[in-house]
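First the structure, in the form of structure tokens, and then the observations on it.
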Amino acid sequence: MRILKNKILTTDFFNQATLLVTQKLLGKFLVRKIKNQTISFMITEVEGYDGPNDLACHACKGKTKRNEVMFSQAGHFYTYLIYGMYWMLNIVTGPEDYPAAILIRGTKEIVGPGRLTKQLKIDKSFNNKLATPENNLWFEDRGIKVYKKNILQTPRIGVSYAGPIWSIKPYRFILKT
DNA sequence: ACGATGATGAAC
DNA sequence: TTCATCATCGTA
């Protein structure tokens, strides 16, 4: 009998074309360790924010203190506060100096980006941290095969400010369950 | 349908 | 220094 080892996703995985990684994240697991409890969630909803030309991407107007982590090496977390209440969890993708990231919007267990971070106790302390077990928050491939026919592709949520072209780009991917 | 609630960045 | 804007959610 073959023993499948859960593979931790590192910089190599995230340092690929953002939209490719975005789709590949479906069916992967977000793992969170709090004290001695380790809990994991299967990712089912994500959105890609891809580079300086993407007007929905926070970094499209250049580097600022808030978004500077998007320009760093792939595999870092980008967290920020929205609506004065909710932390958004993103994972940086692509090569250094190319600002891109993926917003984790939902899992099989918890749907909604704000709910997810609330329940997993994710806040600004994760910003700029690498996705590793040492930082108590990371991603794993557990060998789940995702078929294209089970992926739903739609425009991103809440980005009407990005204009007629970029607000309707179908960069949101949902895994049908 | 709307209010909560505060960081951000751009205008002044 | 002020102000509109937000990658949302829970309560109606």
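Each residue of the first sequence is one higher than the one before, counting from 1082 in my numbering. Every residue gets a Cβ at the ideal spot worked out from N, C-alpha and C, and that includes glycine.
7 Å CB neighbourhood of residue i in its chain, flanking five on each side removed
i: Pro1133; result: Ala1140, Cys1141 and Pro1180
i: Leu1106; result: Ile1124, Val1127 and Ile1183
i: Thr1188; result: Leu1111, Phe1122, Met1123, Ile1124, Thr1125 and Leu1197
i: Ala1137; result: Tyr1130, Arg1237, Val1240, Ala1243, Trp1247 and Ser1248
i: Ala1155; result: Thr1092, Phe1095, Asn1096, Val1173, Thr1174 and Gly1175
Chain-order list of residues whose beta-carbon lies under 8 Å from that of residue i (same chain, five-residue window excluded)
i: Glu1128; result: Thr1103, Ile1183, Leu1184, Arg1186, Arg1237, Ile1238, Tyr1252, Arg1253 and Phe1254
i: Asn1217; result: Arg1113, Lys1114 and Ile1115
i: Phe1207; result: Phe1158, Thr1160, Leu1170, Asn1216 and Leu1218
i: Ile1249; result: Pro1236
Those residues which DSSP pairs with residue i across a bridge
i: Thr1235; result: Arg1253
i: Lys1088; result: Asp1222
Contact set for residue i: own chain, Cβ-Cβ below 6 Å, skip 5 residues either direction
i: Leu1197; result: Ile1191
i: Ile1120; result: Arg1113
Inter-residue CB distance, residue i and residue j (contact presumed, cutoff 8 Å)
i: Leu1256; j: Ile1232; result: 6 Å
i: Ala1203; j: Trp1168; result: Sequence check: residue 1203 is Ile here, not Ala. Rounded, the Cβ-Cβ distance is 6 Å, consistent with contact.
Discussion item. At 4 residues or longer, what runs of the alpha helix (DSSP H) sit wholly inside the stretch 1094 to 1156?
Written reply: Secondary structure remark: continuous alpha helix (DSSP H) runs of at least 4 residues inside the stretch 1094 to 1156, in chain order: 1099 to 1105.
Practice prompt. Tell me the start and end of each unbroken alpha helix (DSSP H) in the stretch 1151 to 1218 that is at least 4 residues and wholly inside, in chain order.
Written response: The stretch 1151 to 1218 contains, as complete alpha helix (DSSP H) runs of 4+ residues, the segments 1194 to 1200 (chain order).
Worksheet item: For the 8 Å Cβ check, are there 3 or more pairs between the stretch 1142 to 1151 and the stretch 1159 to 1174?
Response: With the cut-off at 8 Å, the stretch 1142 to 1151 and the stretch 1159 to 1174 touch.
Worksheet item: Do the stretch 1169 to 1180 and the stretch 1082 to 1101 make contact, defined as three or more Cβ pairs closer than 8 Å?
Response: With three or more CB-CB distances shorter than 8 Å, the stretch 1169 to 1180 counts as touching the stretch 1082 to 1101.
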